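In our numbering, the protein residues as written are 198 to 696. Glycine is no exception: its CB is placed at the ideal position from the N, C-alpha and C atoms. As the structure is a computational prediction, the values presented were derived from the model and not from experiment. Please read the structure below before turning to the comments.
Okay, here's the thing in C-alpha cells:
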C-alpha cells in the first residue's frame, strides 16, 4: 500500500504543488467525501448483483460477521505471530474475507438441513457470529481501539488524520543510543516496587535508563531538534488507499467476469451447463463483499455499510432494466449520496436550506426547545442522502415510479371506461332500444356511474372524435366505428389464443 501511495503522489505532484496537495488531503470534507464515494461505488457495484440474486440482506450479515474475522486476526497477530495488533494489517482483510465466507457456508449448512427456510438460516447464522465478535471485542481485545461505537457507525470524519507520511526531501531518520551525546539519561529504581520501599531507602538499587533513546522518523527527529533541515512531507490518508484498491479490484473483477456473473445471476442452471461454475462466482462475490465491508469498517461501521450495498442498487433498479446501466446508475447514486451527505451533516441540505435555521424556526413557531446547532454523524448523513435519492427514484422513475404508476393506472381506468362506453354504443346503435339505451341524459344509469363521471367520459370521447351527441342521442362517429371494430377484433384474437 505504501509503495502505491508513493507512485500516486509522484504522479499528482506533476500537476499540483505539494502544499496544495497536503491542504486538500488534510481537509476533513475532501477526505471524507472521497472515502465515502469509494465505499458507495464499490458497495453499489457488488450490491447490484446481490439485489438481482435476492441476497441483499447477505451483505448485512457479512458486514456484521467481518468483525469476528477482524477480532480473530487481532488475537492471532498478538498470540501466534507475535506481532503488534495493527488496524491496517493485511491479516485483518484476510480474516474478514474468511469470516464472510464462513457466514455463507454456515447459512447454507443450516438451510440444507431442511428444518428452516433460507432467510431464517441467515438470521440464525450471523447474529451468532456477531455476538461472539462483540464479546471478544469487549473482553479479549479491549485494550485495542475497537470500541462498540466505532463498530456501529465508524469514524469517517477523522479519516483525514489517519495518514502515512511520505518524505520527499530531508528524509534523515535519527537513532539515539545511550552512548549518544544527545541521549538523556536518568536513574530508575529496580527493586522499589517489589520491596515496597522508597527510592530514598538505602536498600534501593538503581539502573541508568535513557528517556529519549530510540528510532526517530524524519519528522520526529526535526521536531525533537536532532536535525536542522525540516523534512518535506506529504500526508496521505490510509483509508483512501484501502478503498481505492478495493474499488479497483471490484471493477476489475466485474469487467473480467461480467459475462459469468451475469449468466450465473439470472440463470445459474444454464451457467453450470455451459461450464461457468456459478458456485465459484457465488463465493467469489461473497469474498469481494467481505473485503469491501472490512475496508469500509473503520469509516462507516458495520451497520451503515449495509446501506451502501442495498440503497443505490435498489434506486437504480427502478430506473432501468439493463444491467450495465444499473451498475452505472447505482454507482452515481451512491457517490452523490456520499458527496451531499457530508454537507447534510453540517446542516446544508443540497444548498436549499440551512437546517440550523430550520430548527430555529421550529423553535420560534412551536417552542420545541430543540438544539439550534445542527451537527450530526457524517456516515449516517451520507446514508440518509442516499435514501433521499432512492425516494426520488421511487417517486419519479419514468417506468416504475409512484407518479408514473399512478398516471398509468389512471390512463388504464380511463381507457377501460372509454372501451366500455364505446362497446355499449356499438351494441345498441341502430337497435329498437337505442332511444332508451343511448340517451345522453340517462346513459349513466346503465353503467351505475355518477352523472358527472359519464359527462366527463363523453367529453373525452368527443374530444377524440369517437362519439357525437345529437338530439340527446349518443352515436359513434366513423372513427369511433373503426376503433370499436379494432377493439372487438383484438378481443376475439386474445380469446382464441387463450383457448
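- When beta bridges are read from the DSSP output, residue 411 appears opposite 373.
- Contact annotation: residue 521 and residue 354 have beta-carbon atoms that are not nearer than 8 Å.
- If you draw a straight line from the Cα of residue 607 to the Cα of residue 677, it is about 22 Å long.
- Contact annotation, residue 333 with residue 268: C-beta distance approximately 4 Å; criterion of less than 8 Å satisfied.
- Secondary structure at residue 382: strand, using DSSP grouped into helix, strand and coil.
- In the three-state reduction of the DSSP assignment, residue 364 falls in the strand class.
- In the pairwise beta carbon analysis, the segment 200-218 is classified as not touching the segment 396-413: fewer than three pairs are separated by under 8 Å.
- The beta-bridge partner set that DSSP reports for residue 430 consists of 364.
- Residue 578 and residue 541 do touch by the CB rule: their CB atoms are close to 4 Å apart, below 8 Å.
- For residue 268, the uninterrupted alpha helix (DSSP H) segment begins and ends at 253-276.
- For residue 399, there is no enclosing alpha helix (DSSP H), as DSSP marks it with neither H nor E.
- Here residue 475 is buried: its Cβ has 16 or more other Cβ atoms, across all protein chains shown, within 10 Å.
- The secondary-structure analysis by DSSP pairs residue 672 across a beta bridge with 665.
- With contacts defined as CB atoms closer than 8 Å, residue 515 and residue 597 qualify as a contacting pair.
- In the DSSP annotation of this structure, the continuous segment of the alpha helix (DSSP H) that includes residue 607 starts and ends at 599-625.
- Going by C-alpha positions, residue 623 is about 34 Å away from residue 600.
- Only buried fits residue 233, as 16 or more other CB atoms lie within 10 angstroms of its CB.
- Contiguous alpha helix (DSSP H) elements confined to the segment 452-509 occur at 455-463, 465-470, taking only those with 4 or more residues.
- Residue range 215-222 is occupied by the alpha helix (DSSP H) that includes residue 219.
- Relative to residue 454, the option among 236, 243, 549, 390 whose CA is nearest is 243.
- DSSP, reduced to helix, strand and coil, places residue 546 within a strand of the structure shown.
- For residue 511 and residue 591, the gap between their C-alpha atoms comes out near 9 Å.
- Measuring C-alpha to C-alpha distances from residue 378 to each of 302, 356, 423 identifies 423 as the nearest.
- Apart from the 5 residues on each side of it in sequence, residue 548 sits with its Cβ closer than 8 Å to the Cβ of 540 in its chain, given in chain order.
- Per the coordinates, the alpha-carbon of residue 618 lies some 21 Å from the alpha-carbon of residue 604.
- Rounded to the nearest whole angstrom, the C-alpha separation of residue 272 and residue 292 is 11 Å.
- The beta carbon of residue 681 sits closer than 6 Å to those of 619, 623, all from its chain and outside the five residues before and after it, given in chain order.
- Only residues of its own chain outside the window of five on either side were considered, and among them 241, 245, 509, 510, 513 have a CB closer than 6 Å to the CB of residue 527, listed in chain order.
- Cβ-Cβ separation between residue 357 and residue 228: approximately 4 Å, consistent with a contact (criterion under 8 Å).
- In this structure residue 502 is not in contact with residue 307, their Cβ atoms being roughly 24 Å apart against a cut-off of 8 Å.
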